[in-house]
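Numbering-wise (my numbering), the sequence shown opens with residue 29 and increments by one.
All C-beta atoms in this analysis are idealised placements derived from N, C-alpha and C, irrespective of residue type, glycine included.
Here's the structure, in structure tokens; my notes come after.
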Amino acid sequence: MDIKITQRSFPRSLFLLLSSVLLMTVSVYAQTYEKIADVYFKNNQFCESVQYYDIHLSNFSDRNALMKRGKAHFHCGDLKKAIEDFENARLLGYSKTDLQYYLAKSHHLKGNYETAIEFYKTYMSQIYSNHRARKLISDEIKRCVSGINLQFKPLENDIENLGGEINTVLSETKLIESPTIENKYYFTRSKTSGNIKSAILQFTADEPGISGPTNLNENHDYYNEILLAISEDAQKIYFERQDYKSSKFGLFINEYDPGIPPLEKVNPFISPVNIENGDRDFFVINDSSFLFSSIYYTGYGGYDIFLTGIRNGSWFKPINLGPAVNSPFDEISPCVSPDAKQLYFSSNRLESVGGYDVFGSNFNSGFFDWTIPVNLGMPMNSPGDELHFLLSDDGISGFLSSNRKTDGFGDFDLYRFFFIKPFFDPVEVYMDPSEDLVFLDTSKIEKISLPVKKVEIPTNDPPLNKEDNDVIVAVEIPVKTGEKRDSLRQNIIGFEEKIIASSDKEILSGQNKTDGNIYLKPLYYTEGVEASENKINSELLSTIAEIMNKYPASTLLLTVHCSKSSLHVIDLLVTLNASDGIIEFLKKQGISVERIRILSVGSSLPLAKPDVSDRLKSASRRFNNRIDIQLFDLPDDSGVIIEKPFVVNHLKDETWAIYQSIIQGLSYKILYSMTYDTPEKLNYLSMIEDCTIEKNPADNSYRIFSGLYTKFAHAREAKEILEEETGIHLAIIPMINGREISDSAIADAAKKYPDLEYYLATLKR
């Protein structure tokens with residue numbers, strides 16, 4: 029009997045059963061990850077939720093999960109992925125109204141204002157006519173319109189993120205420079221979980237690199253602390269403090285005491301400013317005048333800015349800055365310029381481009397009121413929030429906090445900004461911030477009495493049983509994947525090359541689109557760094573080379589200044605050497621050195637006051653380490669315009685301006701000597717009054733000059749005195765606009781400048 033062996037078929041019912049079990053297992057597995065993601069999401073830990081939504085969505089086309097992951101991406105700052113998820117959720121049939129809102133908000137934050145307006149309008153069409161959100165959305169549409177308008181405004185500022193060495197996935201706010209220690213900074217870092225949610229940190233950014241950040245308060249285990257202000261002499265620190273046990277916030281002051289760690293010996297700052305009433309953003313103008321924002325005192329709607337202070341030993345009741353500054357919206361984070369003539373603040377009024385923007389107002393002493401606040405524009409402002417604007421002592425740079433989604437590391441990041449040109453015209457009258465404020469109407473002062481009392485700091489409480497999420501500083505905060513970790517040293521110290529020169533590409537190249545002219549700014553340099561290596565300077569020098577190659581008859585005079593040292597002779601030598609790299613740069617661009625002259629004036633013609641307090645020395649150096657440009661023999665239609673250097677009013681020294689007025693037109697110098705010896709070998713330089721040195725790079729010769737005179741008679745008198753003192757025969761050199769008049773041109777020049785006839789008469793003898 030033949031036995032036929034056949035392969036037994038797998039029972040279909042068993043196959044279906046196993047398949048169902050497998051699918052159920054995958055489903056349960058995926059749903060478990062969705063639940064984990066939802067837990068993170070509900071606890072506002074959006075970034076942590078994304079990876080679990082990713083696993084869930086790799087197995088399911090879940091429109092609700094797509095919407096939640098999109099919101100998580102939105103809150104984590106990844107707007108591109110957020111929009112992708114929102115659009116995919118819509119394709120899968122998600123139709124709730126929050127979809128239109130988040131699409132609108134995402135495009136708004138990306139600066140896609142027209143697209144955002146369309147989604148905002150769609151959202152409004154889907155909600156009830158009496159819905160409370162309609163007014164808010166209408167305001168957002170108006171802010172988008174402001175953004176569209178500001179896009180066409182010429183750039184007047186620039187801004188840079190300080191980088192991943194300071195900014196983290198947490199929130200960094202309110203950076204303040206030390207008033208007395210150069211390159212030292214303080215700021216607040218905050219987080220949303222743990223007992224200790226905020227701490228004041230400090231760091232330095234000097235030549236070796238970054239030191240810190242570290243906690244300023246060694247006893248930080250007990251308190252949440254938020255930095256508010258530091259006094260001009262750095263002897264007082266104003267800050268908010270919350271005992272984590274009582275949950276009560278208060279305004280405190282720490283007065284410096286040698287040998288006692290910072291923030292250990294503190295007192296409540298008893299003032300009309302009450303943190304528990306919602307008062308915020310305390311700003312110190314001087315020891316007796318303060319600004320703050322309040323929703324508690326009577327105002328014009330939302331948070332308003334108030335002024336308070338001490339007069340004749342008593343506090344006066346807070347004074348609202350009035351409707352010129354305050355609006356029905358919020359005005360927060362006030363500060364004033366170093367000369368106390370400009371007010372800056374953040375506001376979510378309709379003229380912002382989204383959230384809080386920085387606005388500025390100038391005090392008009394004629395009308396005794398503030399000018400209409402003006403939006404500072406982009407890129408300083410963004411569709412996000414810009415807060416804690418603080419102007420540095422140089423008056424044209426500073427720091428702010430922003431939660432913009434384009435280049436941030438976390439929630440709020442710290443940024444450094446600078447003005448390409450002064451936001452306000454320099455004021456004619458300097459108001460010393462130590463004096464009573466001009467904008468304080470003393471007739472409105474209503475004195476109030478406040479007690480002063482001290483509190484004891486607990487010393488016996490056991491330290492917190494801290495978990496990892498209670499640590500503010502001790503752990504390394506990871507940088508976003510794909511983000512470049514910038515060097516803070518580069519961003520803070522290297523950023524100084526942008527402080528005064530423009531970083532706008534069109535201006536860097538010298539071209540101004542609005543009128544077709546070519547604008548040239550002075551060159552700024554840092555001690556010990558070759559001026560031509562500065563990116564800003566190299567682009568300006570390239571523009572100068574283009575002009576000189578286009579006009580072969582043109583010549584260049586570079587007047588080199590420096591900040592003051594101990595001896596004028598040393599400063600003269602420093603400024604001579606500062607131009608060496610520039611000459612080599614121009615030679616490589618095809619410019620003959622015979623067309624270049626270098627005038628070294630040392631520190632004798634300061635633009636900024638050299639003798640200033642320690643806190644202003646860095647700003648003074650930035651303005652005075654400078655190379656002024658003069659181009660001669662250009663055709664009238666060349667379109668080349670040499671811009672004068674700018675200095676903030678409270679640092680202005682009139683010496684440079686006086687010098688400029690003298691050299692315009694006819695002037696005279698006394699030629700002391702001409703030599704091929706390097707100036708370092710000339711031991712008589714220190715004896716020459718008002719000494720300047722001109723270098724001819726073509727043959728490395730030097731001409732030593734003394735004095736500057738507008739009349740030939742004055743120059744001749746000074747020359748005769750010098751000849752009698754030295755026994756050396758000297759010469760008088762006539763100049764027009766700072767350049768020596770050639771022998772062939774003197775006769776024609778005398779027709780315009782009759783004083784030259786006296787000079788010509790001496791030549792005929």
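- The shortest CA-to-CA distance from proline 346 to any of Arg339, Leu335, Asn765 and Val353 is the one to Leu335.
- Note that the region 592-609 does not touch the region 683-692; fewer than 3 beta-carbon pairs, one per stretch, sit closer than 8 Å.
- Secondary-structure assignment with DSSP links tyrosine 547 through a beta bridge to Ile669.
- Under the rule that a run must span 4 or more residues, the alpha helix (DSSP H) segments found entirely inside the region 712-762 read 740-754.
- Take the alpha-carbon of phenylalanine 114 and the one of phenylalanine 445: they are about 34 Å apart.
- Close CB contacts of leucine 600 within its chain, under the 8 Å cut and outside five residues either way in sequence, are with Ser628, Val629, Gly630, Pro707, Leu713, Cys719, Thr720 and Ile721 (chain order).
- The beta carbon of isoleucine 204 sits closer than 6 Å to those of Tyr214 and Ile258, all from its chain and outside the five residues before and after it, given in chain order.
- Take the alpha-carbon of asparagine 302 and the one of cysteine 172: they are about 35 Å apart.
- Burial of serine 226 is indicated by the presence of at least 16 other C-beta atoms within 10 angstroms of its C-beta.
- In terms of CA proximity to isoleucine 228, Lys202 leads the group Ile238, Lys202 and Ser239.
- Spanning the alpha carbons of alanine 741 and isoleucine 698 requires a straight line of approximately 12 Å.
- A straight-line Cα-Cα distance of about 43 Å links tyrosine 730 and serine 206.
- Just so you know, the alpha carbons of serine 375 and glutamine 270 end up roughly 26 Å apart.
- Burial check for leucine 791: the Cβ neighbour count within 10 Å stays below 16, so the residue is exposed.
- Contact holds between the region 397-417 and the region 344-362, because three or more Cβ pairs, one in each stretch, are under 8 Å apart.
- By the Cβ rule, the region 161-170 counts as touching the region 143-150, because three or more pairs are nearer than 8 Å.
- Just so you know, the alpha carbons of asparagine 295 and glycine 278 end up roughly 10 Å apart.
- Taking 8 Å as the upper bound for CB-CB distance, leucine 604 and isoleucine 626 are in contact here, some 7 Å apart.
- By the Cβ-count criterion, isoleucine 764 is buried, with 16 or more other Cβ atoms from all chains shown falling within 10 Å of its own Cβ.
- Closest in C-alpha terms to tyrosine 696, from the list Leu551, Phe391 and Leu736, comes Leu736.
- About 33 Å separates the CB atoms of phenylalanine 674 and tyrosine 700; that is not less than 8 Å, and the two are not in contact.
- Counting every other CB atom within 10 Å of its CB across the protein chains shown gives glutamate 752 a total below 16, marking it as exposed.
- Out of Leu137, Tyr328 and Phe320, the CA that lies nearest to the CA of aspartate 106 is found in Leu137.
- Note on the region 104-185: whole alpha helix (DSSP H) runs with a minimum of 4 residues are 107-119, 125-138, 141-154 and 161-179, in chain order.
- Here tyrosine 81 has Ala65, Ala93 and Arg97 as same chain residues with Cβ atoms under 6 Å from its own Cβ, once five neighbours each way along the sequence are excluded.
- Linking proline 241 to threonine 196 through their CA atoms gives a straight-line distance of about 12 Å.
- Judged by DSSP secondary structure, glycine 609 falls within the alpha helix (DSSP H) whose first and last residues are 608-616.
- Secondary structure of phenylalanine 267 (DSSP, three-state): strand.
- The beta carbon of tyrosine 704 lies closer than 6 Å to those of Ser729 in the same chain, with the five residues before and after it left out.
- For tryptophan 343 and glycine 337, the gap between their C-alpha atoms comes out near 5 Å.
- In the DSSP assignment, the residues bridged to methionine 702 are Arg731.
- Rounded to whole angstroms, the gap between the alpha carbons of aspartate 783 and serine 648 is 38 Å.
- The DSSP-derived three-state label of glutamine 658 is strand.
- Across the structure, arginine 432 and serine 410 are spaced so that their CA atoms are roughly 6 Å apart.
- In the DSSP assignment, valine 588 falls within the beta strand (DSSP E) that extends over 583-589.
- Under the three-state reduction of DSSP output, serine 259 falls in the coil class, being neither helix nor strand.
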